[in-house]
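**Q** Sharing a structure here in structure tokens format.
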Amino acid sequence: MTGRVDPSSGGRRGKSPTEQEEAKPFNFIEHNFPRYGPNFCPGWSCYPTKSQPSSQPPPSQLPNPAQPKSTTQSTASSATPTTPAPYRTDYELSGSYVSLECPSPPGPPACGPDGRRGDPQARLANYLRTLYTELALKEPVLPSWVHPVAPGVLCPARLEPELRLHIHSHGLNEAIGVDQILTPVQTKDGPFLEAPRRVLIECPPWVTRGALALRILHGWSREPPWPPRGQPVALALFLPLAELRGTIANYIGKELLPRGPPNPFASGFGGFSAAWNSLEALKGKLLIVLDGYDVQCKTRKSKTMPRDVIDLLEGRLFPEARVILISVTASCTELLPLMQRLITFEGLVWGRSVSLLGGGQWGAPTRLIDTVQSCRQLRNIARTTLGCLAIAAMYESSGGELPTDELDVIASVFNCVAANSSHTQVTELGRLALFCLKTKRSTVTAAELKMYCSAPETNIAGCLDRAQLFGRTAKRKSDHYYTIICPGLAEFLAANYIVSLANRPGLLAAEIAGLAVGDEVEPEILKVLNFSMALLGARAHLLLSKLTPLWLSPQTIFSLALAGGETEANLTALCEMLGISKSPPVPPLEAKPIWVSIKSTLSELQGWGLAFKSPTCTLKNLELVYQMEKNLLLESRNVMDIFLDALSKNESVTTLRITSLIENEVRDSDINYLASCISKALLKPRLESFELILTLLEEDPPILKLQSVVTALCRTIPRQPKLSNLSLDLGLCTSQLVQICATLEKCPHVTRLSLPHLRCERGAVGALAALLTVRPLSYLGLPSSWGARDDPPSSSGVSMGSGSGSSSGNSGLIKQSSLTGAPSPRSYPAGIFSSLPRGVLSSTTNMGRSATLPRQPMEGPPDKRSTDSVISRTWYPTPACDGGPHNSGTLHELLLAARDTYSRLHGLDLSKAQLSLEDSMCLGETVRVSTTLHSIKLEGASRLSEILPTVLGASESPCLQMMSLGSPRIALEDAAVGMSARALGSCITLRLLSLDGWSFRIENVGTLASVRGFLSLTSVRELGLNNCRLNMSMFKSDVPVQSGAYECRSVVNLKLAGAQIIFADHLSMKGPHMLPYLVGFVNLRELDLSAPSRTGFGSTSSTPLILSDKDIVAFFNTLNNHFSHLNTLKMCNWIIHLDEAVRTLKSVAKLLKSSPLSHIKLDGVVVMDRPKKQRIEPQFLHAFLANLPLLRWLGTTLHGLSEEQITTLGNYCGDMRGMEIDVRLSDSTIENARLMTSSLGMDGKFDIRVSTFGTTNSILIHIEKTSTKSLSRK
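Now the structure itself:
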């Protein structure tokens, strides 16, 4: 039977630590049986090892011998004890068996009082408690600039850290105390976090982590039990990894423990090795606190982590012990998988900062506290002890005035802590600070400080906080570690070093290039650059012009430019960084202009406002995305006003587009402010084109919701004499359109008007017709316009389906006698709208079919003919407006005014507009009789009956030059093909024809004669047949093509991207296989045979065409033999698999040496060496670059290349015989751009510009020979 004395008897409080260290008499049992410990006495009762020798506990405090064993013992696993007695015995050390979950073996009564004297583990714990208390209460050495403070307030024991659970690790950011680090936590929001075994405390780089470690250890050594809840800690070890050179046991035994009598193991009763070997048995009662992982981690050069530290972190050493690891943020990522709780250390709590501001007492001036609390920059400085003391010293020296700007705050702190420091000293320490920021180091050693600084013991050392040393060797060598005293000071010192290099461009460029460590620049480096720009001021352009290697985003460039100021040189450098100081290189084969889109955020508005003030700005096209916010701050409006003022002084922007998405329940005041912004933007000088797109998200908004915007437009447009092109997409009602038309009647300078998504009510059409009559316009666009909801429906019976030669819609179109009283195919019941952005979806149940139908299938019965429609006749009627029925509504008045003798309308755009059958016939007559209409756009039609009258009217048009009828839903059979070919061939003035997406089903050989007649008679110079399908069911794919079967001498630009020919055996011919059919185009200068894109918008899911060696060689051989005038070739998205890559590329290179090609576009080309299963796009491009004698420009877009292939491509670009090459790397990084351009920038033969601005997720590399003057094609 064993028993334990109740600790409430006061046995623990009897002796002091000094009395416990006194020598005791010789213990025979301990001397002869060391394995059993000092308390082992067989057959004797076990007495407590820590009771007073002068008094025995009363019998009432002894356990009852008859009581069961389970009631007299306490297990260590009890988290919440019920009585004080078992809980105290849970944390007290009772010999080497303290953690074995069983009572200590019995010992003699004589050894009870002094039994702990011989326990190595107990002696180690007692000494560590004394050591940690001494270190935690030790006052640090204060620098000379610190004013007197109360005694003891700066010791680590008084540290009050602000600890919070990491938001990304635990989903909450709740504050916890030091005593809660190892305990279960019940959060305010409800989740319960269990007690962790391993804890990671993430610290910012400007805190002294040793002080936090001592604060934790002081909590354990102060008065057990610790932590107050959960399993208590019996023994705590502290490992400063920065001082660790060998094993953990060696450091504790030989470095942490002193020599001589103070050593707890000097008396000879058990050594440190016995205590170390018994630590494994402590399990969860052992706590190990580690600091300095960032010093020993693998990211530091010439540093290796000791093996047993790795074993400790990975759980092989002391697997059940509890571990607290204190480290900086930069080295926490690799440690997260090993930890169970992540805590962030955010500096001092606010209450402690307030105390330190008053010198350690609650006596700081109220004005000082209020100023610090209201200024974020001062509040950040006050998160450290020395930072608080620096603010207090600044407040006293400045007479109660403190700066609030971030740079001024940091500069004042520096002047306080490092007063009278020379420029050389600041520069030297700044160089060391920049090195630490680049390598993400938070500490520097004394040796590094001496290596970088010539006088480290001067006042400049006031910027650093010296950490405390713990080991004997470190103290002897004075191997101190230093950290910065407050946040922002390291960046300020590094900025001073950058500023010192402003007049040495070579060194400055080298330092800037060294800042680009990864794909993104770290926030600390950006702050360094920001401080540098502010310190340089008027000379900031010297630094801004060197930042190209960092590939900064426009927002970052704007923040830097704002810090530098608005001098002319700085603004010029800003425009050069943005790529708008000179006209950007526009690829010759790109028709779309370059636009810059600006969001109405503070940074973009401020930055672009600066750029627009520069006289070197050459930007032409600008889009402002106005973000309507419900809680629009006054600051945002002020910045918008500043931006508009800068825009009003800019003379380069000639095209302005303003778009905004207006949410529900927007206030009228916000719309009124938007209207005022539009007025200011419209008054910009030299503004030639203005587009306004406002979209209301309300399902049924008030009709006059945007009336203030309309009023502002009507008031401002007459005051802008340069404005010639106006586009308004506002959902205008009839009254608003009448108001705008009345204004435009007084504006002769506005010649082009576009009104997308217009609801064509009778009053609206009448207003536009009156405008055409009074104020002749040269262009009118009504794309996606739709009829009024109250238009009276008629009963035509024309189908909504996709039009064809046999449809009832075509039959009604030809039989003009049936048009009288016929219903409009676009007239719907009241309340039904089309599937357009500003209408509700049409009801498919009422219309019979969906308005958006897929392409008609090409397959059909072999005996199908168009005999059921009069469209098959050899004659066709002249399209004419049946004035009686059509005069009742829709677009009759407008088209009647357009074909008036005095009309000046040159262009009309009705793409995706809702045209009734009567409207189509009226439009056909307009095209036929108008003497001024030069261009017509009817893209996106869903039925042939919508466009066929226009095609027929073009046959008699005296002036039509451009016709764009692209639509993927148009399918023509023999009769329609023949009719259209004869009509288009008769239009002798037509120069540009686009039939993109059409499907032609030819089953009659006579139809081909009509097509040949069109090709031989037409005067079209540019023919667009992209994504067209030609189904020739009367031929098989193996029928040879006669040379010159399809001869055309007028077409010089042929677009066949994605087009295909389908034969009777269901084989299709695409891309280069179609070239034999084109040999009759003898004057062809530009050819597009690109394949459909396989990814992104507009991609196709059809089986891709894979080209072989034979196909490629035959293609270029045909080009050389039959296309002697061809100078531009587009062959995008080709897939080429070569079995004999070397031989094939040599053959292609030989053919290219005699090729007339000068411009080539190779986007998305994939070239594979099939035997080696390797991609060889660089070798394929090299064949063009090195062999085309007349090459002037080559453009390509590549993705998925390895770094080696990109480097190879860069080397090949140096061999180009042409003038320019544009390489776009999709889904790539800046590092790949460097790899490609590294070999080209050495010899100075090329002008290289790399741009990530405006290229979405790709990088554009423009390489140009320095002698290039022009890009004009032959």
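Convert by adding 985 to the 1-based position in the sequence shown; the result is the number in our numbering. Glycine included, C-beta positions come from ideal geometry on N, C-alpha and C.
Contact check, LEU2272 vs VAL2005 under 8 Å by CB: the rounded distance?
**A** Past the boundaries of the shown model lies residue 2272; the chain is included only from 986 to 2259, so the question cannot be answered.
**Q** Pull up the CB-CB distance for LYS1715 and LEU1691, whole angstroms please, since I reckon it's below 8 Å.
**A** Before going further, note that residue 1715 is Leu rather than Lys in the sequence given. Yes, LEU1715 and LEU1691 are in contact; Cβ-Cβ is about 6 Å, under 8 Å.
**Q** What did DSSP end up calling TRP2119 once you bin it into helix, strand or coil?
**A** Here TRP2119 sits in coil by DSSP.
**Q** Would you report the Cα separation of HIS2247 and ILE2233, rounded to the nearest angstrom?
**A** Each residue's Cα considered, the two are about 6 Å apart.
**Q** Measure the alpha-carbon distance for GLN1724 versus MET2201 and round it to whole angstroms.
**A** Approximately 59 Å between the Cα atoms of the pair.
**Q** Starting from the Cα of ALA1180, find the closest Cα among GLN1165, LYS1173 and ASN1262 and give me that residue.
**A** That would be GLN1165, whose Cα lies nearest to the Cα of ALA1180.
**Q** CA-CA distance, SER1427 and LEU1417?
**A** When rounded, the distance between both Cα atoms is 11 Å.
**Q** Work out the CA separation of LEU1202 and ALA1404 for me, nearest whole Å.
**A** When rounded, the distance between both Cα atoms is 36 Å.
**Q** Assuming CYS1360 contacts THR1389 (C-beta within less than 8 Å), just tell me the rounded distance between them.
**A** The pair is a contact, with the Cβ atoms about 5 Å apart (cut-off 8 Å).
**Q** Between which two residues does the alpha helix (DSSP H) carrying TRP2178 extend?
**A** Counting along the chain, TRP2178 falls outside any alpha helix (DSSP H), though it belongs to the beta strand (DSSP E) covering 2178-2183.
**Q** Helix, strand or coil for TYR1611, going by three-state DSSP, please let me know.
**A** In this structure, TYR1611 counts as strand in the three-state DSSP scheme.
**Q** Would SER1674 and LEU1711 qualify as a contact pair, given that the criterion is a beta-carbon distance under 9 Å?
**A** Result yes, Cβ atoms of SER1674 and LEU1711 sit closer than 9 Å.
**Q** Among LEU1900, ILE1510 and PRO1600, which has the Cα closest to the Cα of ARG2262?
**A** Here the chain covers residues 986 to 2259 and nothing more, so residue 2262 does not appear.
**Q** What's the call for PRO1842, buried or exposed, on a 16-neighbour Cβ count within 10 Å?
**A** The predicted position of PRO1842 is uncertain, since its pLDDT is 42 and thus under 50; a value taken from the coordinates is nonetheless stated next. Answer is exposed; the Cβ neighbour count stays below 16.
**Q** Would DSSP call MET2308 helix, strand or coil?
**A** Outside the shown range of the chain (986 to 2259) lies residue 2308, about which nothing can therefore be said.
**Q** Tell me the rounded alpha-carbon separation between GLU1496 and LEU2210.
**A** Cα-Cα distance, rounded: 27 Å.
**Q** Could I get the ranges of all uninterrupted alpha helix (DSSP H) runs contained in the stretch 1671-1716, with 4 residues as the minimum, in chain order?
**A** If we require 4 residues or more, the alpha helix (DSSP H) runs fully inside the stretch 1671-1716 come out as 1692-1701.
**Q** With a 10 Å radius around its C-beta and 16 neighbouring C-beta atoms as the bar for buried, classify ASN1111 as buried or exposed.
**A** When all chains shown are included, ASN1111 counts as buried.
**Q** Over what stretch of residues does the alpha helix (DSSP H) that includes PRO1490 continue unbroken?
**A** Residues 1490-1500.
**Q** Can you give me the C-alpha to C-alpha distance between MET2204 and LYS2250, rounded to a whole angstrom?
**A** Taking the straight line joining both Cα atoms gives about 5 Å.
**Q** Give the C-beta separation of GLY1766 and ASP1904 to the nearest angstrom, bearing in mind that I take them to be a contact with Cβ-Cβ under 8 Å.
**A** Their Cβ separation, rounded to whole angstroms, is 16 Å, which puts GLY1766 and ASP1904 out of contact at 8 Å.
**Q** I believe LEU1537 touches ALA1546 by the beta-carbon criterion, under 8 Å. Please report the beta-carbon distance rounded to the nearest angstrom.
**A** Incorrect: roughly 11 Å between the Cβ atoms, too far for contact.
**Q** Using the three-state DSSP reduction, which class does THR2192 fall into: helix, strand or coil?
**A** THR2192: helix per DSSP, three-state reduction.
**Q** According to the neighbour-count rule (16 or more other Cβ atoms, all chains shown, within 10 Å of its Cβ), is TRP1205 buried or exposed?
**A** TRP1205 is buried by the Cβ-count criterion.
**Q** Could you check if PHE1177 is buried or exposed, using at least 16 other CB atoms within 10 Å of its CB as the buried criterion?
**A** By the 10 Å Cβ count, PHE1177 comes out exposed.
**Q** Residues in the same chain with beta-carbon distance under 6 Å from HIS2167, minus the five sequence neighbours each way, listed in chain order, please.
**A** Closer than 6 Å at Cβ, skipping near neighbours: TYR2197.
**Q** Take the Cβ of LEU2245 as the centre, count every other Cβ of all protein chains shown within 10 Å, and call the residue buried at 16 or more, exposed below.
**A** LEU2245 should be labelled buried.
**Q** Suppose only complete runs of 4+ residues qualify. What are the alpha helix (DSSP H) ranges in the stretch 1132-1188, listed by chain order?
**A** 1152-1155, all fully within the stretch 1132-1188.
**Q** Within 10 angstroms of its Cβ, does VAL2127 collect 16 or more other Cβ (buried), or is it exposed?
**A** That one is exposed.
**Q** Just the Cα atoms here: how many angstroms apart are ARG2177 and GLU1476?
**A** The alpha-carbon atoms of ARG2177 and GLU1476 are separated by roughly 48 Å.
**Q** Would you give the residue range spanned by the alpha helix (DSSP H) that ARG1737 belongs to?
**A** Careful: ARG1737 lies outside any alpha helix (DSSP H), inside the beta strand (DSSP E) at 1737-1739.
**Q** Let's test the definition: count the other Cβ atoms within 10 Å of the Cβ of SER1965 and tell me whether it reaches 16, buried, or not, exposed.
**A** By the 10 Å Cβ count, SER1965 comes out buried.
**Q** Taking the runs of the beta strand (DSSP E) that are 3 residues or longer, which of them lie wholly in the stretch 1293-1330?
**A** Taking only runs of at least 3 residues, the beta strand (DSSP E) segments lying wholly in the stretch 1293-1330 are 1307-1313.
**Q** In the DSSP output, what is MET2153 paired with across the bridge?
**A** DSSP lists HIS2122 and ARG2160 as partners of MET2153.
**Q** Assuming ASP1981 and ASN2011 make a contact with CB atoms under 8 Å, what is their CB distance in whole Å?
**A** 4 Å between Cβ atoms; contact.
**Q** So, with DSSP's three-state summary, where would you put TYR1437?
**A** Note: TYR1437 maps to helix in three-state DSSP.
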